[in-house]
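In this note's numbering, the protein residues as written are 8 to 130. Step one of this worksheet: look at the structure below.
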């Protein structure tokens with residue numbers, strides 16, 4: 008999520024509301040941008056990977072460009088986000104976007120974290 012504050016642009020994780028610090032070390036809390044300006048941080052990806060659920064019913068993925076997601080596609084939303092100006096109260100990520108974000112973080116040489124999609128765990 009992007010917002011303007013005091014003449015500048017602030018980038019925040021849609022799922023937990025944490026603001027990105029462009030001056031921090033890359034491993035502090037890197038973020039990946041999805042479609043429509045949505046953002047997820049590595050902390051949320053780590054929390055989400057083992058916590059996907061499959062409730063039934065339609066939903067819209069915050070990170071996705073797909074409009075008609077299968078109602079049974081696994082998804083995740085933050086169970087207890089911190090209220091903040093950057094929080095998207097309706098943020099949900101589908102399994103496919105979560106795996107794509109995890110893959111991006113895992114391939115980034117500046118991020119000290121690896122994920123193996125075959126066993127869905129951190130390496």
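Even for Gly, the Cβ is constructed at its ideal location relative to N, Cα and C.
Beta-carbon spacing of residue i, residue j below 9 Å
| i | j | result |
| --- | --- | --- |
| residue 54 | residue 85 | yes |
| residue 81 | residue 59 | yes |
| residue 39 | residue 46 | yes |
| residue 65 | residue 48 | no |
Secondary structure of residue i, DSSP reduced to three states
| i | result |
| --- | --- |
| residue 102 | helix |
| residue 113 | helix |
| residue 118 | coil |
| residue 9 | strand |
Residue i burial status per 10 Å Cβ neighbour count (16 or more: buried)
| i | result |
| --- | --- |
| residue 14 | exposed |
| residue 69 | buried |
Which listed residue (the options) has its alpha carbon closest to that of residue i
| i | options | result |
| --- | --- | --- |
| residue 63 | 79, 20, 97, 74 | 79 |
(request) Please confirm if the stretch 115-127 is in contact with the stretch 87-105, defined as three or more CB-CB distances below 8 Å between the two stretches. (result) As far as the Cβ criterion goes, the stretch 115-127 does not touch the stretch 87-105, which means the pair count is below three.
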